[in-house]
Structure formats: C-alpha cells, structure tokens
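For what it's worth, our numbering labels the leading residue of the sequence shown as 51, then goes sequentially.
Structure first, commentary second.
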Amino acid sequence: MKVKVGLEGFSFDSAHYTLSSEGNQQIHGHTYRVSIEVEGESIDENTGFVIDFDILKKIINDIVKDWDHKLIIPSEDLNQIYFKGPFKLDIKVIPYKYPTAEYIGLEIAKSIYEKLQKKYKITVKIYEGENNYAIIEYP
C-alpha cells in the first residue's frame, strides 16, 4: 500500500533570468507558490501518520524561507555577476544551467527528500506566477 499526504499554501518571492527563453533574459521576479506531496509505503501504526504534518510543515517552511527574496543564478554564472549599490543582495546558487521553475522545484524536492532521510517519494508542484507550473517527482 502507498499513501500520499500533502501540504499547500507555501510561497516565496524571488528573481531570476532565463537565458534560454527569449524575452526573459532580463532579471525579473515571480511569486512562486509551492505544494508538496509525500508518499510513504504505509501508515505508521504507532502514530497513524505517514508523516506528522507539523514536522513536514516545519521542514518545508525552512526550505522555502531559504529561497525567499533571493536572486537565483546558475553556479556557472556566479563569477560573472557584479552588483553595487545601497541595497542588500542575497543570491541563491543552483547547480544547473538555467534557473527555471523546473530546476527550482527539483532543488526543493531534493532538499525535502534529504531532510526526511530519503524515506519518501516527494512531489513538488511549483507555480511561477499565477498560471504556470511544473511538477517534479523525486526520486
């Protein structure tokens, strides 16, 4: 038996650029909304849970917070980017060529998977803006 549980309602605001998409090469921002499903092999007879929602919620909040108000850039671009001004700049580096919703969602899924000791299949649905989304199943 497999059982899935999910949480919705997480969001963060970040900026990125997508050199692979004409018209999106400039730095621009989105509100990303995230929903998570965790799939377990069974329900724990001692708790009645696949995983406790409170534990899962804390993990997801911590991960999403790490993406909030960041400029998301590919690691290969890190040494090419320079900003100077009277502002704070937080950068989130990803190990992929493009900081797309697909790769951002993949990184979030991998982080949740790791925090849950690789015990569950993770599904992330990430919205980039209101109507565009990607679904990532990991592993």
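Idealized CB from N, CA, C, for every residue including glycine.
All of these numbers come straight from a predicted model, not from anything done at the bench.
| Check | Outcome |
| --- | --- |
| How about Lys54 and Glu95: are their beta carbons less than 8 Å apart? | no |
| Can you round the beta-carbon distance between Val100 and Ile110 to whole angstroms, since I take them to be within the 8 Å contact cut? | About 15 Å separates the two Cβ atoms, so there is no contact after all. |
| Mind checking Gly73: buried by the 16 CB within 10 Å criterion, or exposed? | exposed |
| Quick check on Ser70: buried or exposed, where buried means 16 or more other Cβ atoms within 10 Å of its Cβ? | exposed |
| Measuring alpha carbon to alpha carbon, tell me which residue in Lys142, Ile141, His80, Leu166 is nearest Pro189. | Leu166 |
| Give a yes or no on whether the C-beta atoms belonging to Glu178 and Tyr67 are separated by under 8 Å. | no |
| Leaving aside the five residues before and after Ala159 along the sequence, list all residues of the same chain whose C-beta is less than 6 Å from its C-beta, in chain order. | Ile172, Val174, Ile186, Tyr188 |
| Quick check on the DSSP output: the alpha helix (DSSP H) that includes Asn111 runs from which residue to which? | 103 to 115 |
| Can you name, in chain order, every residue of its own chain whose Cβ lies under 8 Å from the Cβ of Asn182, other than the five neighbours on each side? | Ala151 |
| Could you check whether the segment 114 to 128 touches the segment 142 to 156, counting it as contact only if at least three pairs of C-beta atoms, one from each stretch, sit closer than 8 Å? | yes |
| According to DSSP, is Tyr132 helix, strand or coil? | coil |
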